[in-house]
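S.K.:
Protein chains: 4
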Amino acid sequence: MSTNSTPRTGGRLRNEEAHRSVLEATAALLVENGYGALTIEGVAKRANVAKSTVYRWWKSKPELVMDASVHVPTPGPDPAPETAVDPASGAAEIDTGSLAGDLAAFLADLYGAAADPVRARALTGLAAEAQLDPGSAAPFRDWARTRRELVLVLLARAVAREEIPAATDVESAADLVLGPFWYRLLVMGAPPARAEGAAHAAAVLHGIAAGK
Amino acid sequence: MSTNSTPRTGGRLRNEEAHRSVLEATAALLVENGYGALTIEGVAKRANVAKSTVYRWWKSKPELVMDASVHVPTPGPDPAPETAVDPASGAAEIDTGSLAGDLAAFLADLYGAAADPVRARALTGLAAEAQLDPGSAAPFRDWARTRRELVLVLLARAVAREEIPAATDVESAADLVLGPFWYRLLVMGAPPARAEGAAHAAAVLHGIAAGK
Amino acid sequence: MSTNSTPRTGGRLRNEEAHRSVLEATAALLVENGYGALTIEGVAKRANVAKSTVYRWWKSKPELVMDASVHVPTPGPDPAPETAVDPASGAAEIDTGSLAGDLAAFLADLYGAAADPVRARALTGLAAEAQLDPGSAAPFRDWARTRRELVLVLLARAVAREEIPAATDVESAADLVLGPFWYRLLVMGAPPARAEGAAHAAAVLHGIAAGK
Amino acid sequence: MSTNSTPRTGGRLRNEEAHRSVLEATAALLVENGYGALTIEGVAKRANVAKSTVYRWWKSKPELVMDASVHVPTPGPDPAPETAVDPASGAAEIDTGSLAGDLAAFLADLYGAAADPVRARALTGLAAEAQLDPGSAAPFRDWARTRRELVLVLLARAVAREEIPAATDVESAADLVLGPFWYRLLVMGAPPARAEGAAHAAAVLHGIAAGK
DNA sequence: CGCTAACCGAGACGGTACGTCAAGTCTTAAC
DNA sequence: GTTAAGACTTGACGTACCGTCTCGGTTAGCG
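Protein sequences, first through last, are from chains L, G, C and F. Heads up, the first sequence is in the working numbering, so the first residue is 1364 and it goes up one at a time. Heads up, the second sequence is in the working numbering, so the first residue is 1364 and it goes up one at a time. Heads up, the third sequence is in the working numbering, so the first residue is 1364 and it goes up one at a time. Heads up, the fourth sequence is in the working numbering, so the first residue is 1364 and it goes up one at a time.
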């Protein structure tokens, strides 16, 4: 595109090769040693890149890890599941016609993300970082918030369809939908299998639809 | 751990004063700067104690923090809420006659713990540590497991009372009871108010008792 | 060691100011408190330098001290006495035409080095270190070996000049030339005055039973 | 017996067994790891004795080591060579009628001491300690001074016998007799063999320029 | 074509905390 | 009241990364 907003007047172009190799090194080290043992210095060495190059493009470890987990190639048939981070488009993609179906689809996606070793390690590590350093909690909180908003959209749609009472406390309901996932991932220490998403969806649903 | 049960045959007695001051310094620093900024060295300095004295009694930061959070004086009317860590005795203390009452009581206790700044900081910090270093996850996982076992006892009692179907998937139910708490604490970053426990209890209960 | 001959291919330039201040701090502390009380940490603090900077350039206390003693400015008229460490060039510089003269010159140099407080402290400290930790004996043993080889050159020249018998046991003779110096320095605890070198030179040449 | 001269008024008796085992542990560790790696703590552990017991009887590491080296059983035919520390009695024992013989005998004794691993390690270690901490140099300096005084006695006897000129500088001569031994032991790092004592004795007597 | 950026690798630098070790002192219990 | 056990303060060790910085050298686009 001709309309380039960055006002550069010269200078060497960014080395895409170096960029990619940093992200790959991050993903590899994440799986091998975990988030805690991951150091910027180690990533630079593994990627055959200067430490300052890493710092130039990612201003903190959480941002680097988030970026690496987003760009990891997805094994499934979905070519770009991470484009679903926008609640609006995410809700558009997930539309089975019933709350039960929507929740099942949403949770399958969520549990599927946790099944990928890179993304699971990234999520747990970023969650940890968010506790330890509030200043670098943003990447993680944003990711989590997006999922919650998506759930709220699904619930609103169910209310509109009169599947659930208009008086439903949707905030509490969202807690119920998302809670078990994070509890299993962060507290129990074992990411739940993708298949367990269905059981949770059922348990949650009966709770929500109880008065119906 | 600080509790030494082996019968001594001589030697200088342990300095209880130093012990107490270490725990107090830990609690104070935890609240002031958070778990991430807490260092053994800083605790020792604040407590006017040698670093090696800290290492003698607590072999890692997680153990120290867990101990400090357990020994923090409880502000509430309950003189010793931490005695409820044993599922059996905990279940004995919490026995209102109905699942609804039991869950409300349990969640009030749980949310109450998170309302204490020291314990909230300790819990989130230990959760973070558990992600970063699997080797020091034990104190946190033990604490969490104890709560889960207590919930399972409450559920089993409800089954025995025929309040809920014998076929109830109690593991899923436990996830539902505990999930929202940890989700709010670790992911949303704001410990839920004690009063919200009731809303959660209600939402969960209707789900579980749906078939009834 | 601080002398790096490898041609650099990038990287921040070494801070000569910091370097110099480390060596000066080492020399000062050596004189003030002695080798035993000298710590890397103390040197760093005194030099206003990070501990890691010291460790980067000198991998052990003996190397640091040896370097500091070599770079200490010489008070005497000799502008660079340490250039005499090479036996060949040292022998070239010391060439009075007679063994008596050569030994007198050599011992004057040697005793002169011990008269400098920094170098005397360094020598005795390094000698001590060599006993305690064979692994870090190298700097000291190298220094001492160089002196011995120089003496052997002087003796060989005397043999060539037919000043002394060709059958002379030069190794024993070297022990005799160097022994008293080290004995006074390390065992008696008082470095011999420069002037005493002449008396030792005479005694060495003729032996105890000389007049007989 | 009723007439007890020791004025003790009660208390536990000193444990001779513990005493002996400390000295043995010291000697063993000295040989195994060297003086530098020897710690009071290590000795206490090896001797199955409390650290404070060691400190009660020996106020410093040098004193302990000196004591251990003195009490080490001598392998040779001489049942108590260490009784020769008194210059007077030492000189009485060494009296061959000629300076050459006396020196040969003295040096054989001296080199013999260095041939014993425990005593060699003790001597070099104590020499090191004397450099590092002037306050604990006493045991070593006393030992060395006693040898020097013995040499001076031998030389005085030679003067009296008119073997050497009355004007002989006996202090310089003593330096010549003792220097090579310490030089070999402390600087070269290899204790001279017992047999080399004879060569040194000869060289000392006649000097380098002897044959001329 | 040369100027001007911005990139990149290398690595020095001041920091901070780590967890370990031993020193030497002190307090208590056992004999 | 000596001996044993061991808690305690102190201080340095050597290591690992942090995030910043200053270089030399490269590689574009713009004028």
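Here a beta-carbon is modelled for each residue, glycine too, at the ideal position from N, C-alpha and C.
Quick one: Cα of ASP1538 of chain L to Cα of TYR1474 of chain G, how far?
M.R.: If you take the alpha carbons of ASP1538 of chain L and TYR1474 of chain G, they lie about 15 Å apart.
S.K.: Evaluate ALA1490 of chain L with the Cβ neighbour count: other Cβ atoms within 10 Å of its Cβ, from every protein chain shown; 16 or more gives buried, anything less gives exposed.
M.R.: Buried: at least 16 other Cβ atoms inside 10 Å.
S.K.: Out of curiosity, what's the CA-to-CA distance linking GLU1559 of chain F and GLN1494 of chain C?
M.R.: Those two C-alpha atoms are separated by around 22 Å.
S.K.: With C-beta atoms as the reference, is VAL1533 of chain G less than 8 Å away from VAL1567 of chain G?
M.R.: No, the pair does not count as a contact, with Cβ atoms beyond the cut-off.
S.K.: Does chain G have any CB closer than 8 Å to the CB of ASP1532 of chain L?
M.R.: True, the Cβ-Cβ gap to chain G drops below 8 Å.
S.K.: On the three-state DSSP scale, how would you describe TYR1398 of chain G?
M.R.: Here TYR1398 of chain G sits in coil by DSSP.
S.K.: With 16 as the cutoff for other CB atoms within 10 Å, does LEU1401 of chain L come out buried or exposed?
M.R.: By the neighbour-count rule (16 or more Cβ atoms within 10 Å), LEU1401 of chain L is buried.
S.K.: Quick check on this structure: which residue in L:TYR1418, L:LEU1376, L:LEU1392 has the alpha carbon closest to the alpha carbon of VAL1435 of chain L?
M.R.: It is L:LEU1392.
S.K.: Does the ligand GTP have a heavy atom nearer than 7 Å to the CB of THR1402 of chain G?
M.R.: No copy of the ligand GTP occurs in the structure displayed, which carries no ligand at all.
S.K.: Along the alpha helix (DSSP H) that carries PRO1543 of chain G, what are the first and last residues, could you check?
M.R.: Taken as a continuous stretch (DSSP letters only), the alpha helix (DSSP H) holding PRO1543 of chain G covers 1533-1545.
S.K.: Could you give the distance in angstroms between the alpha-carbon of SER1415 of chain L and the alpha-carbon of ILE1403 of chain L?
M.R.: Cα-Cα distance, rounded: 10 Å.
S.K.: Which stretch, first to last residue, makes up the alpha helix (DSSP H) that contains MET1429 of chain F?
M.R.: 1424-1433 is the extent of the alpha helix (DSSP H) around MET1429 of chain F.
S.K.: Counting pairs of beta carbons, one from the region 1492-1508 of chain F and one from the region 1547-1556 of chain C, are three or more of them closer than 8 Å?
M.R.: Contact between the region 1492-1508 of chain F and the region 1547-1556 of chain C is present, because at least three Cβ pairs lie under 8 Å.
S.K.: Out of G:ALA1463, G:GLU1387, G:GLY1460, G:GLU1526, point me to the one whose CA is closest to LYS1408 of chain G's CA.
M.R.: Closest by alpha carbon: G:GLU1387.
S.K.: What span of residues does the alpha helix (DSSP H) with LEU1309 of chain G cover, start to end?
M.R.: Beyond the ends of chain G as shown, which are 1364 and 1575, falls residue 1309 of chain G; an answer cannot be given.
S.K.: By alpha-carbon positions, which one of G:ALA1519, G:LEU1486, G:ALA1381, G:ASP1430 ends up nearest to GLY1397 of chain G?
M.R.: Checking every option, the nearest Cα to that of GLY1397 of chain G belongs to G:LEU1486.
S.K.: Whole angstroms is fine: what's the gap from VAL1514 of chain C's alpha carbon to ARG1520 of chain C's?
M.R.: Computed Cα separation, rounded: 10 Å.
S.K.: Counting only C-beta atoms, is SER1423 of chain C closer than 8 Å to chain F at any point?
M.R.: Output row for SER1423 of chain C: interface = no.
S.K.: Got a sec: which bits of the region 1542-1554 of chain F sit with their beta carbon under 7 Å from any beta carbon on chain C, in order along the chain?
M.R.: Those residues of the region 1542-1554 of chain F that come within reach of chain C (Cβ to Cβ, closer than 7 Å) are GLY1542, PRO1543, TRP1545, TYR1546, ARG1547, LEU1549, VAL1550, GLY1552.
S.K.: In this structure, does DSSP put ARG1377 of chain L in helix, strand or coil?
M.R.: ARG1377 of chain L falls in the coil class under three-state DSSP.
S.K.: Please confirm if GLY1405 of chain G has its CB atom under 8 Å from at least one CB of chain L.
M.R.: Judged by the 8 Å Cβ criterion, GLY1405 of chain G is not in contact with chain L.
S.K.: Give a yes or no on whether 8 Å exceeds the smallest Cβ distance from ALA1471 of chain L to chain G.
M.R.: It does not: the Cβ of ALA1471 of chain L has no partner Cβ on chain G nearer than 8 Å.
S.K.: Taking Cβ-Cβ distances below 8 Å as the criterion, which residues of the region 1478-1502 of chain L are in contact with chain G?
M.R.: Under the 8 Å Cβ criterion, the region 1478-1502 of chain L contributes THR1487, GLY1488, ALA1490, ALA1491, GLU1492, ALA1493, GLN1494, LEU1495, ASP1496, PRO1497, ALA1500.
S.K.: If we ignore side chains and look at the alpha-carbon of each, how far apart do ASP1496 of chain G and SER1499 of chain L end up?
M.R.: Rounded to whole angstroms, ASP1496 of chain G to SER1499 of chain L spans 19 Å at the Cα level.
S.K.: Could you tell me which chain C residues have their CB closer than 7 Å to the CB of ARG1504 of chain F, listed as they occur along the chain?
M.R.: Within chain C, the residues near ARG1504 of chain F are GLY1552.
S.K.: Can you give me, in chain order, the residues of the region 1384-1399 of chain G that have a beta carbon less than 9 Å from any beta carbon in chain L?
M.R.: Per Cβ criterion, the list reads GLY1397, TYR1398, GLY1399.
S.K.: For SER1384 of chain G, collect the residues of the same chain with a Cβ closer than 8 Å to its Cβ; drop the 5 residues on either side in sequence, then sort them by chain order.
M.R.: Taken in chain order, the residues that qualify are ALA1410, ASN1411, VAL1412.
S.K.: Name the chain C residues whose beta carbon is nearer than 7 Å to that of GLY1570 of chain F?
M.R.: By Cβ distance, chain C contributes VAL1567, LEU1568, HIS1569, GLY1570, ALA1573.
S.K.: DSSP three-state label for GLU1559 of chain G, please.
M.R.: DSSP places GLU1559 of chain G in helix when its eight states are reduced to three.
S.K.: Just how far apart, CA to CA, sit PHE1469 of chain G and PRO1555 of chain L?
M.R.: Cα to Cα, the separation comes out at about 25 Å.
S.K.: At 8 Å on the CB atoms, spell out the chain F contacts of SER1461 of chain C, in chain order.
M.R.: Within chain F, no residue comes near SER1461 of chain C; the closest Cβ sits about 11 Å away, beyond 8 Å.
S.K.: Just curious, the alpha helix (DSSP H) that SER1499 of chain G is in, first and last residue?
M.R.: No alpha helix (DSSP H) contains SER1499 of chain G, which DSSP labels as neither H nor E.
S.K.: For the alpha helix (DSSP H) that contains ARG1409 of chain F, what are its first and last residues?
M.R.: Looking at the DSSP string, the run of the alpha helix (DSSP H) that includes ARG1409 of chain F is 1403-1410.
S.K.: Taking the straight line between their C-alpha atoms, what separation do you get for ARG1484 of chain L and SER1432 of chain C?
M.R.: Near 53 Å, if we compare the C-alpha coordinates of SER1432 of chain C and ARG1484 of chain L.
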